[in-house]
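Colleague: Provided herewith is a single structure, encoded as structure tokens, for subsequent inquiry.
Protein chains: 2
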Amino acid sequence: MSPALQGHRVPMREFSRSLPMALLRAREAVMRQFRPSLRRHGLTEQQWRILRALAAVDASEVTELARTAFLLGPSLSRILRDLEARRLIERRTAETDLRRGVVSISEKGLKLMEEVAPSSEAIYAAITRRYGARKLAELHAMLGALEASLAGLDTEEASEAAASEQE
Amino acid sequence: MSPALQGHRVPMREFSRSLPMALLRAREAVMRQFRPSLRRHGLTEQQWRILRALAAVDASEVTELARTAFLLGPSLSRILRDLEARRLIERRTAETDLRRGVVSISEKGLKLMEEVAPSSEAIYAAITRRYGARKLAELHAMLGALEASLAGLDTEEASEAAASEQE
DNA sequence: GGCAAATACTTAACATGTTAAGTTTATCCG
DNA sequence: CGGATAAACTTAACATGTTAAGTATTTGCC
């Protein structure tokens with residue numbers, strides 16, 4: 025009676041049940057709150073992630089930073105180049121291994137973080153109030169569990185299942 | 025005793041408690057499973073979203089499609105141009121309003137979907153097995169609730185909180 | 001009717017995501 | 001020791017994310 029507007033019969037679940045879509049929408053709803061504040065300080069979301077990651081340590085190798093800030097190497101390379109040009113970070117080469125770069129946040133970078141942090145924390149607090157601290161903690165746990173449960177799947181079932189459809 | 029590796033004192037919560045980061049990591053863990061299959065068929069994640077959205081209806085206006093596939097206008101414009109060049113979609117102009125474009129999936133697009141859908145469903149099934157159908161449903165609900173709870177926040181508390189820090 | 005404002009895109013410009021290839025330096029091993 | 005491999009980035013190329021501007025049509029209103 026009401027398959028919305030006809031549509032074509034394709035053997036797929038409803039779009040609304042797509043997990044990646046649900047995660048994307050939720051993330052965007054959250055990020056939409058932070059972006060304007062970051063933008064006022066001339067920072068992108070990824071640049072902010074890098075500064076936060078660097079502020080938590082004394083220094084970090086590039087590969088380690090990529091893992092911490094959850095960025096791919098090529099993206100990180102470009103962003104570090106720009107952040108260094110803005111003097112928000114400092115970089116040197118490891119003495120024992122000339123292949124490795126070592127990055128740290130600069131005084132200027134720390135000063136910028138201190139400017140941004142309060143409004144960022146205020147927004148996070150507002151989100152927590154709205155959604156509920158308990159639910160937020162529960163969501164965090166479920167997201168972590170999801171990530172963990174898929175950790176080893178990469179080269180197993182999923183790819184096999186996909187591959188078997190290729191034959 | 026163990027603030028990891030020193031780090032600089034900045035008034036921010038731990039990076040690991042960042043909600044956007046948790047959502048990003050979870051989403052990436054999921055998408056990592058799907059991307060290879062899509063890639064084998066020459067599709068990006070966003071192109072696939074558009075095809076899925078179009079397969080569920082007879083036709084859609086561009087603005088409506090942007091909302092459904094959760095893409096920004098400029099991204100959608102580019103992708104539709106490419107999908108049309110590949111003849112996976114068809115587009116025309118609305119008779120009653122020449123500003124509006126009307127898009128629909130083509131026969132070729134449907135055929136491609138039928139090729140991709142099985143492996144996509146298989147992967148989704150594998151994820152569901154791993155994580156648990158019940159938990160997955162619960163996660164979906166919590167993500168929807170989060171999105172809903174932040175819906176009206178945009179121009180209220182968060183921005184005010186952020187703005188007040190600007191003074 | 002006709003002009004100002006709004007709507008529905010599209011284009012532009014710059015930043016990042018993603019995969020592949022390239023470069024430099026270390027490490028392995030015969 | 002020295003060549004083959006591997007490791008740690010960096011660069012390249014193309015697709016999308018994001019904001020601002022631009023274009024074509026339509027609406028609202030006097």
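If you read the sequences in order, they're chains A and B.
Residue 144 in the working numbering sits at position 120 of the first sequence, and the numbers go up by one each step.
Residue 185 in the working numbering sits at position 161 of the second sequence, and the numbers go up by one each step.
For glycine and all other residues, C-beta sits at the position ideal for the given N, C-alpha and C.
1) Verify the CB distance criterion: does Val126 of chain B have a CB-CB separation below 8 Å to chain A?
2) Closer than 7 Å by beta-carbon distance: list the chain A residues that pair up with Arg154 of chain B, in chain order.
3) Whose CA, out of B:Ser128, B:Gly66, B:Ala50 and B:Leu43, lies closest to the CA of Glu171 of chain A?
4) Would you call the region 130-146 of chain B in contact with the region 143-150 of chain A, where contact means no fewer than 3 C-beta pairs closer than 8 Å?
5) Can you list, in chain order, the stretches of the alpha helix (DSSP H) that have 4 or more residues and sit fully within the region 137-186 of chain A?
6) Look up Gly125 of chain A in the DSSP assignment and give the residues it is bridged to.
7) Helix, strand or coil for Ser61 of chain A, going by three-state DSSP, please let me know.
8) Counting only beta-carbon separations shorter than 8 Å, does Gln30 of chain B have a partner in chain A?
9) List, in order along the chain, the chain B residues whose C-beta lies closer than 7 Å to that of Pro98 of chain A?
10) Spatial neighbours of Arg115 of chain B within its chain, please: C-beta separation below 8 Å, excluding the five flanking residues on both sides.
11) Which residues mark the beginning and the end of the alpha helix (DSSP H) in which Asp82 of chain B is found?
12) Of all the options A:Leu163, A:Met45, A:Phe58 and A:Met36, which has the alpha carbon lying nearest to the alpha carbon of Ala79 of chain B?
13) Can you give the Cα-Cα distance for Phe39 of chain A and Leu160 of chain B, rounded to whole angstroms?
14) Given that a residue counts as buried once 16 or more other Cβ atoms are within 10 Å of its Cβ, and exposed if not, what is Thr92 of chain A?
15) By the DSSP assignment, the alpha helix (DSSP H) with Arg102 of chain A in it spans what residues?
Modeller: The structure says:
1) no
2) Ser173, Leu174 and Leu177
3) B:Ala50
4) no
5) 157-174
6) A:Thr117
7) helix
8) yes
9) The contacting residues do not exist; Pro98 of chain A stays about 16 Å from chain B at best.
10) Leu104, Glu108, Gly125, Val126, Val127 and Ser128
11) Premise fails: Asp82 of chain B is in no alpha helix (DSSP H) and is neither H nor E.
12) A:Met36
13) 15 Å
14) buried
15) Gly97 to Ala109
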